[in-house]
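What follows is a short report on a single structure.
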Amino acid sequence: MNAKLKCAVIGAGAAGAAAACAIARRGADVHLFEQFSLFHDRGSSHGPTRLFRTAYFEHPDYVPILQRAEKLWRDLETEYGGALYDKTGVLMAGAPDSELIAGVNKAAGDHGLDLETLSHDQLAARFPWFSLDEDMEILLEHDAGYVRADKAIAAFIRHAKKHGAQIHERKRISTWRKKSDKLLLEVNGERHVFDRLIIAPGAFASSLLGDIGAPVKPMRKTLFWTAPGDDRFHCTHGFLPFAIQQSDGRFYYGFPAVDDDGVKVGEHTGGTTVASPSDDPAEARKQDRKDVTAFLKRHAPGLPSEFSKEQSCLYEMSPDSHFIIDKHPADERVSFAIGLSGHGFKFAPAIGEALADLALNGEARPDFDFLKFSRFSG
Ligand SMILES: Cc1cc2nc3c(=O)[nH]c(=O)nc-3n(C[C@H](O)[C@H](O)[C@H](O)COP(=O)(O)OP(=O)(O)OC[C@H]3O[C@@H](n4cnc5c(N)ncnc54)[C@H](O)[C@@H]3O)c2cc1C
15 MNAKLKCAVI GAGAAGAAAA CAIARRGADV HLFEQFSLFH DRGSSHGPTR
65 LFRTAYFEHP DYVPILQRAE KLWRDLETEY GGALYDKTGV LMAGAPDSEL
115 IAGVNKAAGD HGLDLETLSH DQLAARFPWF SLDEDMEILL EHDAGYVRAD
165 KAIAAFIRHA KKHGAQIHER KRISTWRKKS DKLLLEVNGE RHVFDRLIIA
215 PGAFASSLLG DIGAPVKPMR KTLFWTAPGD DRFHCTHGFL PFAIQQSDGR
265 FYYGFPAVDD DGVKVGEHTG GTTVASPSDD PAEARKQDRK DVTAFLKRHA
315 PGLPSEFSKE QSCLYEMSPD SHFIIDKHPA DERVSFAIGL SGHGFKFAPA
365 IGEALADLAL NGEARPDFDF LKFSRFSG
């Protein structure tokens, strides 16, 4: 029924690439537009790895979407023929009443998820490179791990193409508007008409969704790789991703080395809100470097303290740090995913499916109801 629908998708990050893949699979005539080259590093989706956690401290209502996402990652792996989600387990620690630990326990309790509690002695025996405060609770979630982010984007693009999608790199959509029964897009000065539009612009949302007051703010973050060369910290030696919330509330995370680079470390809290997504202030990087160094010294003194590499990335923050996934209030043929707020990658195939559902059927799965835009309209 939808075979002849012509659908434009704006943005080849995690959300847009997944949406193009999902909607092309269902037979639509898909055109994916990306303002930069594919796999660029100026948005939010570049880099090797992203955490996948199921006992979701951010809100227990994400859990059914995560369970759906896991299934869809596995389907994509089968089609792609390689690993995209490595379920290694994730080690988490913080005070029992911290946002992280209280939230993880709540989500696990609400949804009957398994968590292993480790004593400090067990931590010392199994993961001797950490040094945690005595009052920290230590949890190991086995139903967690990391997604291979750059490979995942490549898989979405490859499968979108396989199902007929056309990919347009270095094509920026400057505006879109209704034109009789079609949607008219301006692409690098040319006009093209479509039946459906999916907008997945990451931190660049204001130029495309500013009319509805899309409340998304870009925030700069810097990631650091510790000196490589110590095999104990490589994924092949069982080193686990970790997430630790300090007593001052600051929340840091890290990943095993997955290639010739070392352990990747970053701070989830903090960051610098910037006026434009192209701003990358040197001062912010300097501060991030100082903060991550202090974290390693305090809580992971067994990891190498020298950095071999750093990279900046953008969070696109919504006011409540929850995603906004919905139809456009002025035109139900237009749907969008914005405000993924620094935790959206793991959900990508489920978000792609929701965007395809909105575009083709007018409704996403009810699991997505709590993420509607209407929550900001009082
Ligand atoms: C440092 C860091 C660590 C993170 N860690 C995790 C984690 O551990 N787990 C997790 O799940 N998530 C994590 N995230 C968050 C996750 O990576 C993001 O939520 C996700 O990648 C956002 O994808 P997106 O498609 O919305 O945005 P983007 O990847 O930015 O994609 C949007 C794309 O749209 C394009 N675009 C915008 N406007 C236009 C236009 N007008 N015309 C054409 N193209 C346009 C942009 O160029 C861009 O390529 C992290 C993010 C960062 C930065």
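Heads up, the final residue of the sequence shown is numbered 392 in our numbering, and it's a clean run with no missing numbers. The beta-carbon is built from N, C-alpha and C at its ideal position, and this holds for glycine as well. What you are looking at is a predicted structure, and each value in this text was computed from that prediction instead of being measured.
Test item: CB-CB of residue i and residue j under 8 Å
i: S349; j: I212; result: yes
i: P242; j: V104; result: no
i: F66; j: V161; result: yes
i: L19; j: R234; result: no
i: F144; j: L114; result: no
i: A29; j: A179; result: no
i: P380; j: L328; result: no
i: F390; j: P333; result: yes
i: G366; j: A36; result: yes
i: H156; j: D128; result: yes
i: V272; j: T63; result: yes
i: G57; j: G95; result: no
i: R303; j: T250; result: no
i: D79; j: A298; result: For the record, residue 79 in the displayed sequence is Ile; it is not Asp. It is not a contact, given that the beta carbons lie outside the stated cut-off.
i: L12; j: R40; result: Any question about residue 12 goes unanswered here, given that the chain covers just 15 to 392.
i: E130; j: L98; result: no
i: A107; j: I171; result: no
i: F47; j: I226; result: no
i: G353; j: A214; result: no
i: K393; j: A83; result: Past the edges of the chain, shown from 15 to 392, lies residue 393, and the structure says nothing about it.
DSSP beta-bridge partners of residue i
i: M331; result: K231
i: E324; result: F238
i: T63; result: R162
i: Y266; result: I258, E281
i: A351; result: I339
i: M106; result: L153, A257
i: F382; result: Bridge partners of F382: none, in fact.
Same chain, Cβ closer than 7 Å to residue i, five either side skipped, listed in chain order
i: D147; result: S261
i: S51; result: E183, R184
i: S112; result: Q259
i: Y76; result: Y70
i: L385; result: H336, F337, I338, I339
Alpha helix (DSSP H) segment containing residue i, residue limits
i: C35; result: 28 to 39
i: L310; result: 296 to 313
i: L46; result: Counting along the chain, L46 falls outside any alpha helix (DSSP H), though it belongs to the beta strand (DSSP E) covering 43 to 47.
i: Y76; result: Here Y76 belongs to no alpha helix (DSSP H), and DSSP marks it neither H nor E.
i: A217; result: Segment: none, A217 is in no alpha helix (DSSP H) and carries neither H nor E.
i: E377; result: Counting along the chain, E377 falls outside any alpha helix (DSSP H), and DSSP gives it neither H nor E.
Boundaries (first-last residue) of the beta strand (DSSP E) holding residue i
i: D111; result: Taken as a continuous stretch (DSSP letters only), D111 belongs to no beta strand (DSSP E), as it is neither H nor E.
i: I171; result: From DSSP, I171 is part of no beta strand (DSSP E) but of the alpha helix (DSSP H) over 163 to 176.
i: Q136; result: Unbroken run through Q136 is the alpha helix (DSSP H), 134 to 140; no beta strand (DSSP E).
i: L127; result: Element bounds for L127: n/a, residue is neither H nor E.
i: L198; result: 196 to 201
i: I24; result: 20 to 24
i: W190; result: 187 to 193
i: F247; result: Counting along the chain, F247 falls outside any beta strand (DSSP E), and DSSP gives it neither H nor E.
Distance cut-off 7 Å: residue i Cβ against heavy atoms of ligand 1
i: I37; result: no
i: K235; result: yes
i: I24; result: yes
i: R64; result: yes
i: E48; result: yes
i: F359; result: yes
i: R299; result: no
i: A174; result: no
i: E330; result: yes
i: S51; result: no
i: G216; result: yes
i: L369; result: no
i: S349; result: no
i: A425; result: With the chain represented from 15 up to 392, any question about residue 425 goes unanswered, as that position is not in the structure.
i: R210; result: no
i: S221; result: yes
i: C327; result: yes
i: A29; result: yes
i: L354; result: yes
i: I393; result: Because the chain here runs from 15 to 392, residue 393 falls outside it and cannot be looked at.
i: G280; result: yes
i: G376; result: no
Proximal residues to residue i (C-beta, below 8 Å), its chain only, five neighbours per side dropped
i: S322; result: W239, T240, A241, P242, D275, G276
i: M15; result: Reliability of the predicted coordinates at M15 is poor, the pLDDT of 46 falling under 50, and the value obtained from them is presented with this limitation in mind. None.
i: G376; result: K341, E346
i: C21; result: I37, A42, D43, V44, H45, F208, D209, R210, L211, I212, A373
Chain-order list of residues whose beta-carbon lies under 6 Å from that of residue i (same chain, five-residue window excluded)
i: L372; result: K341, S349, A378
i: H279; result: Before going further, note that residue 279 is Val rather than His in the sequence given. So the list reads F238, G268, V306, once near-sequence residues are dropped.
i: G61; result: A163
i: K231; result: T287, M331
i: T283; result: R264, F265
i: A362; result: A28, A32
i: R312; result: none
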